[in-house]
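Protein sequence lines correspond, in order, to chains A and B.
Sequence positions in the first sequence follow this note's numbering and run 1 to 171.
Sequence positions in the second sequence follow this note's numbering and run 1 to 508.
Even for Gly, the Cβ is constructed at its ideal location relative to N, Cα and C.
All values reported here derive from a predicted model rather than from experimental measurement.
This report concerns only the one structure given below.
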Amino acid sequence: MSDNGHHESGVHRGVSVKTMEIVVALLTLALGLVVIYDSRRVGAGWAEDGPQAGYFPFYIGVILCIASVWTLWRTLFSGKAAAGVFVSHKKLRLVLSVFIPSLIYVAAIWFIGIYVASAVFIGVFMYWHGRFAWTRIVPVSLSVPIAMFLLFEVWFLVPLPKGPLEALIGY
Amino acid sequence: MEEFSSLMQGFSVALTYQNLMFMFIGILLGVLIGVLPGLGGANGVAILLPLTFTMPPTSAIIMLSCIYWGALFGGAITSILFNIPGEPWSVATTFDGHPMAKSGRAGEALTTAFTSSFVGALIAVIVITFLAPLVAKFSLQFGPPEFFAVQLLTFCSFVGLGKGHPAKTIAAMMLGFALAAVGLDTVTGTLRMTFGTAELLRGFDFLIAVIGLFGIGEILLTMEEGLAFKGVHARINPRVVWHTWKQLPKYWMTALRGTLIGCWMGITPGGATPASFMSYGIAKRFSKTGEKFGTGEMEGVVAPETAAHAAGTSALLPMLTLGIPGSPTAAVLLGGLLIWGLQPGPLLFVEQKDFVWGLIASMYLGNIVGLLIVLTTVPWWAAILRVPFSIIAPIIVVICAIGAYTVHNAMLDVALMLLFGVVGYLFKKLDYPLAPLVLALVLGDMAESSFRQSMLLSRGEVSIFWSNGLVGSICALAMLMLFWPVITKMLARLRRGNNDLDEARPVE
């Protein structure tokens, strides 16, 4: 994955649109092939009692592959379709600074329950991105999970994932 | 006037104290969803859907559709005051709405937007009232081939009328169909594309996809732009409203045109976003003051708002009568109907009269309640937008996670939601349209079963799709839609070719 002709200006450094177009088109192509493979496995033909399970998905896979190859072709052989920067390194860092904490948050729900994880997630996010004082972080990050708890567990009786802390207070 | 008495019956269903309260809550939640970045009509309804499972279906659909109306209204607030479209269909509203607000006419711009949306929606509801029973009655004679043909028409119109490149529209759509096929095939009992994992047995739920694609994807995009909300203050008082209402009647032609475009684009699933742009463009061309568009013309707010609301409302017509939603939000509502055990389609009008007419009556009431609420509560919503993004973003991620979890009480869904978020981010940046993906995911099983039944009827002959006049003409229309860009291009080339004979050949 090179920077495809953007070396001259340091400002616009990043992943090029062309690279991403190719990556995404290859991914959809791969998915199309998986669909075709699996449809053939379960049978994409005609049984005595009618179409087999893979009959319809098989064609879906074929069309998905054709569309992916079409996009690949356009990206590689017609220059105007894919010019410019997809995301600069600076912006990519911003996006990851949201995505990675969200990933950790979702993983944390497994272990400590959604309420505690949400409180920590909101608090850390506010501190990291907004540089808020603790006097504002603590009330916000506590009030949201408490409101959620009342809404779901108490009023609507919809159970959400809970951890050791909730077990301690009897839920 | 059978429709009229049915409608009155509907009002008696909708006008209970309880339903009015749900309507009120729905509108408030909807405006909130429309105002906040990362939450929109489709994923807002998707997140709240599980909470309504315990409610009676009529009340639930009234509340959910009111969330939708609220979101349509809410999009205009951010566009006009902050120049940030809260929803894609309000992008065209920023062109003239924001300049109006900056020149001190914020109240006027907002009143214009709300009133236009109201008018657009109201006319669309009237269209639904009288057209829907006819469409439903007509489609009672549909068999599996006809239903598949209508679905084909839906998807072909996406390719032909959509903004994205056909290759990308088709890829997004096929991805939706492929995801819909994952899991247990109910006809043959075969497991498809589960690759031995028990969690995939259930398949991919479109609600998870909607929450991820539109919610998380939007947050990632917004973060990239490094949003700082700088808005115009707005106060609406009765004098401003009255003053604006006195000026509006002279734009009746623009409003009517916008509504017609909206209804057309809503019923054929072009969607609210292209409708609003098309209406704006046409209004600009036909207006006497067209060259002033973009500097704060009232007409430039009327045009996109009427079209967007008319499209958003009329998208429910094919959803109710044929079971084919015209927009992602209508698709989510359709998913809700299926969960409550109501099969959308022509029979709904016969078997669930109270439900259908209660819903249609609630559309009238919901839009009136909505107009009153947004006119009186604008300052609050503007205040919410002044809350920094670093507080709103994590809260929205938390809400999306809860929404994804409550669909099936499964942690895997929350992880999938994040994956769909990445897909949404990539697809939006590369101009892959998301609406066909969602619609294909919702309609996948239905399209497959009508295709299978048709094939069973004809013993595998594809010719069943042009075996009679009805199915043949729908299929022909579908093909016309599919190749529409090619046809227009060829027509333009023909016309240019004729000109070339008269003039000198232009140098390529």
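Can you find a C-beta in chain A that's less than 8 Å from the C-beta of residue i?
{"i": "K428 (chain B)", "result": "no"}
{"i": "G460 (chain B)", "result": "yes"}
{"i": "Q18 (chain B)", "result": "no"}
{"i": "E508 (chain B)", "result": "Note that E508 (chain B) scores 36 on pLDDT, short of 50, meaning its location in the model is unreliable; the coordinates nonetheless yield the value given after this. False, the Cβ-Cβ gap to chain A never drops below 8 Å."}
{"i": "K558 (chain B)", "result": "Absent from the structure is residue 558 (chain B), since the part of chain B shown begins at 1 and ends at 508."}
{"i": "I84 (chain B)", "result": "no"}
{"i": "L51 (chain B)", "result": "yes"}
{"i": "Y405 (chain B)", "result": "yes"}
{"i": "P388 (chain B)", "result": "yes"}
{"i": "M223 (chain B)", "result": "yes"}
{"i": "W380 (chain B)", "result": "no"}
{"i": "C415 (chain B)", "result": "As written in the sequence, residue 415 (chain B) is Ala, which differs from the Cys given in the question. So, interface residue."}
{"i": "M455 (chain B)", "result": "yes"}
{"i": "E448 (chain B)", "result": "yes"}
{"i": "I391 (chain B)", "result": "yes"}
{"i": "I282 (chain B)", "result": "no"}
Using a beta-carbon distance below 8 Å, is residue i in contact with chain B?
{"i": "V154 (chain A)", "result": "no"}
{"i": "T71 (chain A)", "result": "yes"}
{"i": "I102 (chain A)", "result": "Note on identity: in this sequence residue 102 (chain A) is Ser, with Ile being the wrong assignment. Yes, because at least one Cβ of chain B sits closer than 8 Å to the Cβ of S102 (chain A)."}
{"i": "F111 (chain A)", "result": "no"}
{"i": "S118 (chain A)", "result": "yes"}
{"i": "E21 (chain A)", "result": "yes"}
{"i": "A67 (chain A)", "result": "yes"}
{"i": "I169 (chain A)", "result": "no"}
{"i": "R40 (chain A)", "result": "no"}
{"i": "R74 (chain A)", "result": "yes"}
{"i": "W46 (chain A)", "result": "yes"}
{"i": "P164 (chain A)", "result": "no"}
{"i": "D3 (chain A)", "result": "Any reading at D3 (chain A) must be qualified, since the residue scores a pLDDT of 41, below 50, and its modelled position is unreliable; the value itself is stated next. Closer than 8 Å: no."}
{"i": "V158 (chain A)", "result": "yes"}
{"i": "L150 (chain A)", "result": "no"}
{"i": "P172 (chain A)", "result": "Past the boundaries of the shown model lies residue 172 (chain A); chain A is included only from 1 to 171, so the question cannot be answered."}
Using DSSP's beta-bridge definition, name the partner residues of residue i.
{"i": "G50 (chain A)", "result": "A:A47"}
{"i": "V15 (chain A)", "result": "A:V87"}
{"i": "K489 (chain B)", "result": "BP columns for K489 (chain B) are empty, so no partner."}
{"i": "K162 (chain A)", "result": "A:G113"}
Quick check: does the Cβ of residue i come within less than 7 Å of any heavy atom belonging to the ligand ZN?
{"i": "D445 (chain B)", "result": "The ligand ZN is absent from the structure shown, which contains no ligands of any kind."}
In the DSSP assignment, find the unbroken alpha helix (DSSP H) run with residue i in it and report its ends.
{"i": "G294 (chain B)", "result": "Where G294 (chain B) is concerned, there is no enclosing alpha helix (DSSP H), given that its DSSP letter is neither H nor E."}
{"i": "W155 (chain A)", "result": "No alpha helix (DSSP H) holds W155 (chain A); DSSP gives it neither H nor E."}
{"i": "W264 (chain B)", "result": "252 to 267"}
{"i": "D431 (chain B)", "result": "It is not in any alpha helix (DSSP H) - D431 (chain B) carries neither H nor E in the DSSP assignment."}
{"i": "P436 (chain B)", "result": "435 to 458"}
{"i": "I236 (chain B)", "result": "Per DSSP, I236 (chain B) belongs to no alpha helix (DSSP H) and is neither H nor E."}
{"i": "Y280 (chain B)", "result": "272 to 286"}
{"i": "M223 (chain B)", "result": "217 to 224"}
{"i": "S327 (chain B)", "result": "Run containing S327 (chain B): none; DSSP gives neither H nor E here."}
{"i": "V13 (chain B)", "result": "2 to 14"}
{"i": "F24 (chain B)", "result": "17 to 35"}
{"i": "P318 (chain B)", "result": "316 to 322"}
{"i": "I474 (chain B)", "result": "469 to 482"}
{"i": "I47 (chain B)", "result": "41 to 48"}
Practice task
Go through the region 135 to 206 of chain B residue by residue and report every complete run of the beta strand (DSSP E) that reaches 3 residues or more, in order.
Solution key: none
Practice task
Mind listing, in chain order, the continuous alpha helix (DSSP H) runs of no fewer than 4 residues lying wholly within the region 64 to 142 of chain B?
Solution key: 91 to 100, 106 to 139
Problem - beta strand (DSSP E) runs wholly inside the region 63 to 115 of chain A, at least 3 long, in chain order - result: Runs of the beta strand (DSSP E) inside the region 63 to 115 of chain A: 85 to 88.
Exercise for the section: Give a yes or no on contact between the region 89 to 101 of chain B and the region 47 to 67 of chain B, applying the rule of three or more CB pairs nearer than 8 Å. Expected result: no
Exercise for the section: Can you check the region 350 to 406 of chain B for any beta strand (DSSP E) of at least 3 residues that lies completely inside it and give the ranges in chain order? Expected result: none
Exercise for the section: Say whether the region 245 to 258 of chain B touches the region 102 to 117 of chain B, bearing in mind that this needs 3 or more beta-carbon pairs closer than 8 Å, one atom from each stretch. Expected result: yes
Practice task
Would you be able to state if there are at least three C-beta pairs under 8 Å between the region 324 to 343 of chain B and the region 118 to 130 of chain B?
Solution key: No: fewer than three Cβ pairs fall under 8 Å.
Exercise for the section: Count the C-beta pairs between the region 200 to 213 of chain B and the region 385 to 405 of chain B that are closer than 8 Å, then say yes if the count reaches three, no if not. Expected result: Proximity of the region 200 to 213 of chain B to the region 385 to 405 of chain B meets the contact definition, three or more beta-carbon pairs being nearer than 8 Å.
Handout entry: Stretch-stretch touch, CB-based, cutoff 8 Å, three pairs: the region 12 to 20 of chain A with the region 64 to 72 of chain A
Key = no
Handout entry: Touching by the beta-carbon criterion (3+ pairs, under 8 Å), the region 38 to 49 of chain B and the region 57 to 69 of chain B
Key = yes
Problem - the region 28 to 47 of chain A / the region 85 to 94 of chain A touching (three or more Cβ pairs under 8 Å) - result: no
Practice task
Taking 8 Å as the threshold, find out whether the region 440 to 457 of chain B comes into contact with the region 146 to 153 of chain B through three or more Cβ pairs.
Solution key: yes
Exercise for the section: Spell out a yes or no on whether the region 283 to 300 of chain B and the region 96 to 108 of chain B are touching, meaning 3 or more CB-CB pairs, one atom from each, closer than 8 Å. Expected result: The count of Cβ pairs closer than 8 Å, one atom from the region 283 to 300 of chain B and one from the region 96 to 108 of chain B, reaches three, so the stretches are in contact.
Problem - Within the region 119 to 154 of chain A, ranges of the alpha helix (DSSP H) (whole runs, at least 4 residues) - result: Residue ranges of uninterrupted alpha helix (DSSP H) with 4 or more members, entirely inside the region 119 to 154 of chain A and ordered along the chain, are 134 to 149.
Handout entry: Contact between the region 113 to 131 of chain A and the region 97 to 104 of chain A (3+ Cβ pairs under 8 Å)
Key = yes
Exercise for the section: Answer yes if the region 338 to 358 of chain B comes into contact with the region 153 to 171 of chain B, meaning at least three C-beta pairs across the two stretches below 8 Å, and no otherwise. Expected result: no
Problem - contact_flag[the region 145 to 152 of chain A, the region 319 to 326 of chain B] where n(CB pairs < 8 Å) is 3 or more - result: Between the region 145 to 152 of chain A and the region 319 to 326 of chain B there are fewer than three C-beta pairs closer than 8 Å, too few to call the two in contact.
Exercise for the section: Taking 8 Å as the threshold, find out whether the region 18 to 34 of chain B comes into contact with the region 366 to 376 of chain B through three or more Cβ pairs. Expected result: yes
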